[in-house]
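J.: Sharing a structure here in structure tokens format.
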Amino acid sequence: MAETDRTFFDYLVYVSENHSPLDFMLVADHIDKFFYGTLLTIEITLLALLIGGVMAIPLAIARAYRHRWWNGPIFGFTYFFRGTPLLVQTYLVYYGLAQFDFVRESFLWGPILSSPWWCALITFSLNTAAYTTEFLRGAIENTAKGEIEAARACGMSPARMMRRIVLPSAFRRALPAYSNEVIFMLHSSVVLSTITLQDILGVGRWLNGRYYLAYEGFITAMLFYMALVFIISRGFRIWEQHWLGHLRARTTVEG
Amino acid sequence: MMKKKLTLLGLAGLLALVTGTATAGDPLRVGVEGAYPPFSWKEADGSLKGFDIDMSMEVCKRLNRECVLVEQEWDGMIPALLAKKFDTIIASMSITEERKKKIDFTVKYYNTPAKLVAKKDAGFDGTAAGLNGKRLGVQRATTHQCSAEKLFPGAELALYATQEEVWQDLAAGRLDAQLSDSLQAYEGFLALDAGQGFDFLGDAIDDIECQGVGAGFAVRKEDTALRDALSQIILDIRADGTYKTMNDKYFAVDIYGN
């Protein structure tokens, strides 16, 4: 009697709980949390890349042309952020700053430094700015001599040459390295879950904490990260075809 | 004569290595946390101290086995036990139905209630309505995570890896309140300098479904012999007065509970 009363849904729940290696019905119940987590992961990663990327352009130019005053401090900045783990940097900003009374009493505490979201965004932006500065500097330094001579011969001012010739060319050549930086940043964003933010991993850890099911939470989180990386690398491939098309081997059409 | 004994010992050792089964002489690997004073904490020199650690040592002594303390971050405790990284968890883990689906427990070795902690002049009370929209901190994968989600659904939940991080953020003013074991809250925060200006908010949490029936040692489900041996040892320690000595070293009240 009881057997026949059971609906197909009850049956699915039963199989999922007792016979499946992964309790997929439990994951399905909480899948909305994973989507919210994905939004947070994307939000902070994208904003940090945007802020860090914009910061990196003047910093990279100053580094590439060995600016008398700025080169040293900028090198110190990139050396520090590239030489230490992001997790430690985030802890330093989130837990470290909170220790000092003058920080907690400052006007920055209420709106910004007390919020894990802002602490993460600041640290991530500085971190990605440091990496982007260095490889953009490399790309600027490697601009072909001929391009610069041609620009000068046309009578371009240094500022116009930078805007019209050097930067566009450097951006194109830095693009493959930048796609790595974007994926690294996405992977590093798991640090968010250590300062109470419910990003994708945060939701996985929540599920583990609530139901003591480690596989369910972490495998689901992994699938979400894989999907994001797939989208990012696809996007960059299209972008590279568009921007670096002139570097591809030419195919000739047989007449 | 001496040599013969040594040879025999060597053979016995080899046999134990080859068969690899747990005999009385094997060390007992105990999973502990080390970030939950006064039950367990880490000294500057790296040694572990606390009520749970004393309890582990006493249990190993009575089992006549050497103790190997294995430190494990809290939210990986149960997976690590199942992966056989250690044989038992002695880390103030509450006995709950949800956990019993995965692992087994001894009888309880202490039972203290959970309570909210907030600023003294918090301006809200410890009810679901009072905590609505407030930022509530709990340690991840604890009974308090379960209770917080159930009893205070309107609160904005912040999950931490260790209880010490919860105290840090409460003291820093990032949290409006936190939920944890009342005894740990008193000894590990309210009695310290950092906890001045804070106090318990409301009465003890009444939620047996989430909070369980006290803390026990956890073992894998198949290790019933170990579970029964450990349960008996807890009852013996309680009966012969050793419990009182250990209890009084850390606490002013008897934490065994009713």
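As given, the protein sequences belong to chains P and F, one line each in that order.
Residue numbers are given in the working numbering: position 241 of the first sequence equals residue 241, and the series is strictly consecutive.
Each position in the second sequence, counted from 1, maps to that position plus 1000 in the working numbering.
Note that CB positions come from ideal geometry on N, CA and C, so glycine has one too.
No experiment lies behind these values; they were computed from the predicted model shown.
1) When burial is assigned at 16 or more other CB atoms within 10 Å of the CB, is P/Pro58 buried or exposed?
2) Exposed or buried, which one is F/Thr1019 when buried takes at least 16 other CB atoms within 10 Å?
3) Name the DSSP bridge partner or partners of F/Gln1178?
4) Would you mind sorting F/Glu1066 into buried or exposed? The rule is 16 or more other CB atoms within 10 Å of its CB.
5) List, in order along the chain, the chain F residues whose C-beta lies closer than 8 Å to that of P/Gly209?
6) Leaving out the 5 sequence neighbours to the left and right, which residues in its chain are closer than 6 Å to P/Glu147 when beta-carbon positions are compared?
7) In terms of residues, what are the limits of the beta strand (DSSP E) holding F/Arg1029?
8) Using DSSP with H/G/I as helix, E/B as strand and the rest coil, what is F/Lys1102?
9) To test your reading of the DSSP string, which unbroken alpha helix (DSSP H) runs of 4 or more residues are found completely within the stretch 1031-1090 of chain F?
10) Is F/Tyr1160 helix, strand or coil when you go by DSSP?
11) Are the CB atoms of F/Leu1179 and F/Ser1147 within a distance shorter than 8 Å?
12) Nearest CA to the CA of F/Leu1230: which residue from F/Val1059, F/Gly1123, F/Asp1193 and F/Phe1251?
13) If P/Asp199 and P/Leu40 are in contact, beta carbons under 8 Å, what's the gap, nearest whole angstrom?
14) Check whether the Cβ of P/Ser114 lies closer than 8 Å to any Cβ atom in chain F.
15) Is there at least one Cβ from chain F nearer than 8 Å to P/Trp206's Cβ?
16) Starting from F/Ala1172, find everything on chain P with Cβ-Cβ shorter than 7 Å and list it in chain order.
17) Do you know how far the Cα of F/Val1070 is from the Cα of F/Thr1021?
18) Quick one: what's P/Met161 bridged to in DSSP?
19) Determine, using beta carbons only, whether F/Asp1104 and F/Arg1135 come nearer to each other than 8 Å.
20) Given this structure, state the Cα-to-Cα distance separating P/Ile61 from P/Ile74, to the nearest angstrom.
21) Beta strand (DSSP E) containing F/Phe1198: first to last residue?
22) So within the stretch 32-101 of chain P, which uninterrupted beta strand (DSSP E) runs reach at least 3 residues, ignoring any that extend past its ends?
23) Which residues of chain F have a Cβ atom closer than 9 Å to the Cβ of P/Thr132, listed in chain order?
24) Can you find a C-beta in chain F that's less than 8 Å from the C-beta of P/Tyr36?
25) Under 7 Å from any heavy atom of the ligand ZN, does the C-beta of P/Glu149 make it?
26) Give a yes or no on whether the C-beta atoms belonging to F/Ala1035 and F/Gln1184 are separated by under 8 Å.
27) Nearest to F/Val1213 by alpha carbon, out of F/Asp1236, F/Ala1091, F/Tyr1110 and F/Phe1198?
28) P/Leu192 and P/Ala120: beta carbons closer than 8 Å?
29) Going straight from the alpha carbon of P/His187 to that of F/Met1246, what length do you get?
30) Per DSSP, which one or two residues make a beta bridge with P/Lys145?
31) Would you mind telling me which residues of chain F sit closer than 7 Å to P/Ala159, beta carbon to beta carbon, in chain order?
32) Does the stretch 228-243 of chain P come into contact with the stretch 174-181 of chain P, if we say contact requires no fewer than three beta-carbon pairs (one atom in each stretch) closer than 8 Å?
33) Got a sec, what are the start and stop residues for the beta strand (DSSP E) F/Val1219 sits in?
T.: Reading from the atomic positions:
1) Within 10 angstroms of the beta-carbon of P/Pro58 lie fewer than 16 other beta-carbons, which makes it exposed.
2) Note that F/Thr1019 scores 44 on pLDDT, short of 50, meaning its location in the model is unreliable and no value can be drawn from it.
3) Answer is F/Val1117 and F/Gly1137, bridged to F/Gln1178.
4) With fewer than 16 Cβ atoms within 10 Å of its Cβ, F/Glu1066 is classed as exposed.
5) Correct list: Asp1075, Arg1140, Ala1141, Thr1142, Gln1145 and Leu1159.
6) Taken in chain order, the residues that qualify are Ile165.
7) F/Arg1029 -> beta strand (DSSP E) spans Leu1028 to Val1032.
8) Secondary structure of F/Lys1102 (DSSP, three-state): coil.
9) Considered as a whole, the stretch 1031-1090 of chain F harbours 1051-1063 and 1077-1082 as its complete alpha helix (DSSP H) runs of no fewer than 4 residues, in chain order.
10) Looking at F/Tyr1160 - three-state DSSP - the assignment turns out to be strand.
11) It is a contact, given that the beta carbons lie within the stated cut-off.
12) Closest option to F/Leu1230, Cα to Cα, is F/Val1059.
13) About 5 Å separates the two Cβ atoms, so the contact holds.
14) It does: the Cβ of P/Ser114 has a partner Cβ on chain F nearer than 8 Å.
15) Output row for P/Trp206: interface = yes.
16) The contacting residues are Ala98 and Arg104.
17) With a pLDDT of only 46 at F/Thr1021, under 50, the local geometry of the prediction cannot be trusted, and the value read off the model is given with reservation. The straight-line gap from Cα to Cα measures roughly 20 Å.
18) Under DSSP, no beta-bridge partner is assigned to P/Met161.
19) Taking the C-beta atoms as reference points, F/Arg1135 is found no nearer than 8 Å to F/Asp1104.
20) Approximately 11 Å, taken between the alpha carbons.
21) Per DSSP, F/Phe1198 belongs to the beta strand (DSSP E) from Phe1198 to Leu1201.
22) With a minimum length of 3 residues, no continuous beta strand (DSSP E) run stays inside the stretch 32-101 of chain P.
23) Within 9 Å Cβ-Cβ: nothing; P/Thr132 doesn't reach chain F, min ~30 Å.
24) Nearest CB-CB separation between P/Tyr36 and chain F: not below the 8 Å threshold.
25) The ligand ZN is absent from the structure shown, which contains no ligand whatsoever.
26) Not in contact: F/Ala1035 and F/Gln1184 (Cβ atoms no closer than 8 Å).
27) Nearest option by C-alpha distance: F/Tyr1110.
28) For P/Leu192 and P/Ala120, yes; Cβs fall inside 8 Å.
29) Taken atom to atom, the span from the alpha-carbon of P/His187 to that of F/Met1246 is near 46 Å.
30) None, per the DSSP bridge assignment.
31) None at all; the shortest Cβ gap to chain F is about 45 Å.
32) A contact exists between the stretch 228-243 of chain P and the stretch 174-181 of chain P.
33) Annotation for F/Val1219: the continuous beta strand (DSSP E) segment containing it runs Ala1215 to Val1219.
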